[in-house]
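In terms of the working numbering, the sequence shown opens at residue 57 and continues consecutively. Idealized CB from N, CA, C, for every residue including glycine. Keep in mind the model is a prediction, meaning the values are calculated, not measured.
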Amino acid sequence: MVGQVDATPPKLFLDEFPNDPSNKAVTTFEVKSNENGCVFPYSLDRREKGDVKWQGLDPAMNKVTVKSKSTKKVTVSVYNLTDAQYRFSVAAKDEAGNSGRPVVFAWMVDRTPPQTMVHSGPRKLAHSTTATFILSAAGEAPTDYAYQYKLDEAAWVSGPTSNLVGNGYELTLLNLMEGPHRVEIRTIDNAGNVDDSSARYEWTVHIKPANTKVVTAPPTPTKLRNVSLTVACTETQYTVAYRLDGGTVTRPNGHRLIAGDYTFSVGGLAEGEHVMQVRTTDVTGAEDPTPAVVTWRVDLTPPDLFVVHKPLDITTSREALFALNASESFRAHYRLDGGDWSGVNELDKLVAGTLKFRISDLLEGKHLLEVEPSDEAGNVGQVLKVAWIIDAGGPRAKLVMGPEKHSHVHHSAFHLQTGEGDCVYEYRLDRGKWRSAMKGPDAKWEPITAERWLSGGWMTMRVQAGFHTIEIRAIDAAGNKDQGEVAYEWVVY
């Protein structure tokens with residue numbers, strides 16, 4: 057029997073190999089043959105970038121491991137790779153001694169990140185919503201890297217590589233908002249290294265000047281000497297300055313930027329007209345060419361109220377007509393005979409000129425009208441007082457209740473009334489002298505509050521046992537005496 061002769065060299069395949077270029081310090085080759093039992097002689101070489109001569113790897117620097125994965129496959133791993141060009145040469149040799157064609161794989165290890173450079177950009181104060189940048193990676197050709205950028209607080213995005221300019225690219229940003237901007241650019245080489253110290257460029261887009269608006273202003277007139285104003289601006293950030301009554305320019309917030317509405321105060325204002333000019337300035341330093349103007353008047357003088365018409369000091373009319381005027385437009389509150397304060401006109405309107413009003417259904421007796429004026433600014437003037445008496449004739453005393461006709465009580469009480477208020481009473485006991493019921497040495501007077509419009513009250517006195525006669529008469533505020541005295545008789549045992 058004649059043995060078979062194997063003269064066919066094995067075929068070799070690389071199933072795993074590194075990228076070229078690569079930024080990995082460790083790389084692995086997976087070598088496979090189409091025959092079982094092959095051995096795989098290999099070599100690893102290295103040369104610096106730009107060198108021509110290859111040199112074998114230094115085992116002390118670069119660890120190499122070889123692992124068999126099957127009778128047809130092995131893996132070769134190389135460690136501690138640094139920036140350089142590497143070459144892996146491997147062949148397959150079968151059990152018959154046939155050697156296949158060697159495979160040579162060369163690749164570049166690049167673990168150094170690129171350095172991003174921005175050569176040009178918009179002006180620091182740009183008047184365009186478009187910004188163009190020229191960028192590159194130091195020492196790299198445009199085909200050796202790509203780039204990413206982020207605008208302000210947005211995420212990183214890949215930049216277009218269609219616009220080549222020299223050894224770099226042109227990046228154009230469109231539709232920018234007015235205000236400050238920041239763009240960061242980083243390059244990424246073909247090995248996957250990312251520049252972690254991205255280039256940064258800052259500038260401001262300014263298209264239109266700031267426009268100042270006064271949101272809240274002092275009322276006019278006002279009695280406040282310290283007032284506040286709130287301003288706003290069309291810019292997202294701005295500074296504010298004001299000039300009061302043509303004085304010096306004041307910056308209430310200094311040169312610090314403001315976002316949103318801003319409120320400031322001015323104090324110690326004198327009485328009179330005031331003019332405030334407020335101007336905002338945007339982040340570029342451009343001032344509002346037309347400052348906002350606010351005018352108001354400080355009024356610290358209360359109105360003086362005087363009487364144009366009032367009732368006679370003593371009158372028989374139960375209706376009173378008043379006409380009042382003041383040194384300026386005014387509102388009036390009044391109270392009658394110590395009652396509650398109320399507005400003269402229902403809506404508490406401001407009156408310019410003479411205020412006329414009437415009070416009807418008044419009772420007889422003394423009356424006091426108090427009127428308190430206030431102006432539009434809220435200043436309150438002195439209270440004006442008008443007193444008069446309504447006397448429709450002499451009063452008529454009425455004995456509502458007296459002691460029992462036959463009594464064992466020496467303490468006698470009399471409940472008295474008249475038809476009008478502010479009356480006093482006199483009495484005489486047992487045909488004696490007339491005495492005051494209000495101040496007499498023997499009698500005591502206790503008014504009844506609920507009957508004050510009727511001069512109601514209790515007169516009390518102590519009497520001896522016996523038959524008694526008492527006469528009582530009323531005297532009104534005009535001095536008119538009751539012509540029909542009340543008489544009462546009773547016996548005390």
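Within 7 angstroms, strictly: CB atoms of Trp163 and Ser78: yes
Enclosing beta strand (DSSP E) for Glu258 [first to last residue]: Ala255 to Val261
Contact set for Pro6: own chain, Cβ-Cβ below 8 angstroms, skip 5 residues either direction: Outside the shown range of the chain, which is 57 to 549, sits residue 6, and nothing can be said about it.
Integer-rounded CB distance, given that Ala197 should sit under 8 angstroms from Asn231: Wrong, their Cβ atoms sit about 32 angstroms apart, outside the cutoff.
Reference Lys269; option with closest CA among Thr337, Leu325, Phe161 and Asp396: Distance from the Cα of Lys269 is smallest, within the candidate group Thr337, Leu325, Phe161 and Asp396, for Thr337.
Within the region 468-518, ranges of the beta strand (DSSP E) (whole runs, at least 3 residues): The qualifying runs are 480-485, 499-503 and 513-518.
Length of the line joining the Cα atoms of Ser214 and Val221: 18 angstroms
Assumed close pair Ala193, Thr172 - CB separation to whole angstroms, cut-off 8 angstroms: 6 angstroms
Nearest candidate by alpha-carbon position, reference Asp62, set Gly93, Gly153 and Asp107: Gly153
Stretch-stretch touch, CB-based, cutoff 8 angstroms, three pairs: the region 236-254 with the region 198-208: Touching, yes, given that three or more Cβ pairs across the two stretches are closer than 8 angstroms.
Spatial distance of Ala288 from Val174 (CA atoms): 37 angstroms
Coil, strand or helix - Pro198 by DSSP: Here Pro198 carries a helix assignment [DSSP, helix/strand/coil].
Cβ-based burial, Gly540 [other Cβ within 10 Å; buried from 16]: It is exposed - the Cβ of Gly540 has fewer than 16 other Cβ atoms within 10 Å.
Helix, strand or coil at Phe96 [DSSP, three-state]: Of the three classes helix, strand and coil, the one that applies to Phe96 here is coil, per DSSP.
Beta strand (DSSP E) segments (min. 3 residues) lying fully within the region 327-407: 328-338, 348-354, 361-365, 376-382 and 387-392
DSSP-derived helix/strand/coil call for Val283: strand
Assigned exposure category for Asp251 - 16 Cβ within 10 Å defines buried: buried
Range of the contiguous beta strand (DSSP E) that encloses Ser184: Taken as a continuous stretch (DSSP letters only), Ser184 belongs to no beta strand (DSSP E), as it is neither H nor E.
Residue from Thr295, Asp486 and Gly302 whose Cα sits closest to the Cα of Phe523: The shortest C-alpha separation from Phe523 is found at Asp486.
Contact set for Ala458: own chain, Cβ-Cβ below 6 angstroms, skip 5 residues either direction: Looking at the sequence itself, residue 458 is Gly, so the reference to Ala does not match. Counting only Cβ-Cβ distances below 6 angstroms, and skipping sequence neighbours, we find Phe470 and Tyr544.
DSSP state of His64 mapped onto helix, strand, coil: The amino acid occupying residue 64 in the given sequence is Thr; His does not appear at that position. DSSP places Thr64 in coil when its eight states are reduced to three.
Rounded C-alpha distance that separates Gly512 from Trp501: 10 angstroms
Residues that DSSP places opposite Ser321 in a beta bridge: Within the DSSP bridge table, the entry for Ser321 names Ser284 as partners.
Under 7 angstroms between C-beta atoms of Thr260 and Pro277: no
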